[in-house]
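What follows is one structure encoded as structure tokens, with my remarks underneath.
2 protein chains.
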Amino acid sequence: MKADALRGHLDALILAVVEDEPLHGYGISEALHSRSEGAIDLPTGTLYPALRRLERLGYLRSSWSTVGGRKRRTYQLTRSGRAELAARQHDWHQTSSVIGAILGTGPAG
Amino acid sequence: MKADALRGHLDALILAVVEDEPLHGYGISEALHSRSEGAIDLPTGTLYPALRRLERLGYLRSSWSTVGGRKRRTYQLTRSGRAELAARQHDWHQTSSVIGAILGTGPAG
DNA sequence: TTTCGATAGGTAGCTAGACGACATGTAGGC
DNA sequence: GCCTACATGTCGTCTAGCTACCTATCGAAA
């Protein structure tokens, strides 16, 4: 599945996976991949600009470290990022219920 | 709610409302407004280009008429539009279940 | 030793689609 | 005459995701 299908909700997904624990870009990509059972496979040209944008907006804070000789930039959710995530989750529930009502919610919601 | 939140799924919504009965642009706008309980309010700069695109792609067919002295362009779903709608509905169910699984489906989801 | 896959981070240029602002016109009520 | 609802449309702008490309480390395989 392309992130294009998630348009406008990708930020929420990223914020959601770093909510549980701070993660670096590659780790976020893997977390989304596994949590979606393989459905989400973000190209780096989508992920990294998104992370930088979210940091610029103040929702994430990053720090560099070196693990196993490789440099990592680890992102953690800020206070305002946590609030943003809650708002985005609310947006998502509204959006999905509206679209679901028109398209037919299908099996079990 | 902005159509931006529906990105990539707006076409499906339009095809869905004209599936039941042929409608003109303004009527489609009203149908989406009422079916979403007021949540969707499409600007004309979003709706009309979308309709022309869907017609160009062969999913809709239009015809002009005059009702009460006003000109209407009425759109109806084509055979291929019907197939496209089914495909888009399927996409939506997949997308919403993936996002729901990560964000939390909310109450009883 | 070189090559390859996994890990790790990044940019540049392109494109689709939604947006706000604007343009045009009819009909009916005040 | 003016306003609101009805009705259709364009134009230039902006967001955000995409493809393609680049750099670099590490361990295993050839």
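Respectively, the protein sequence lines represent chains E and V.
Using UniProt numbering, the first residue of the first sequence is number 1, and each one after it goes up by one.
Using UniProt numbering, the first residue of the second sequence is number 1, and each one after it goes up by one.
In this text, a Cβ means the ideal position worked out from N, Cα and C, and glycines have one as well.
Please name the residue, chosen from E:Gln94, E:Arg73 and E:Ser29, that lies closest to Arg14 (chain E) on a Cα-to-Cα basis.
Note that residue 14 (chain E) corresponds to Ile in the displayed sequence, not to Arg. Selected option, being the one with the closest Cα: E:Ser29.
Contact between the region 29-46 of chain V and the region 76-87 of chain V: three or more CB pairs below 8 Å?
no
Beta-carbon proximity check, Gly25 (chain V) vs Thr44 (chain V), cutoff 9 Å
If you check the CB distance, Gly25 (chain V) and Thr44 (chain V) come in under 9 Å.
Sort V:Gly104, V:His90 and V:Asp91 by Cα distance to His93 (chain E) and report the nearest one.
Closest option to His93 (chain E), Cα to Cα, is V:Gly104.
Does the Cβ-Cβ distance between Tyr75 (chain V) and Leu51 (chain V) come in under 9 Å?
yes
Is the closest heavy atom of the ligand MG to the C-beta of Arg56 (chain E) under 8 Å?
Judged by which ligands are present, the structure shown has none, so any question about the ligand MG falls away.
Determine the chain V residues that contact Ile28 (chain E) at a beta-carbon separation under 7 Å, and present them in chain order.
Simply none; closest approach about 12 Å.
Identify each residue in the region 9-20 of chain E for which the Cβ-Cβ distance to at least one residue of chain V is less than 8 Å, and report them in chain order.
The region 9-20 of chain E vs chain V, Cβ under 8 Å: His9, Ala12, Leu13, Ala16 and Val17.
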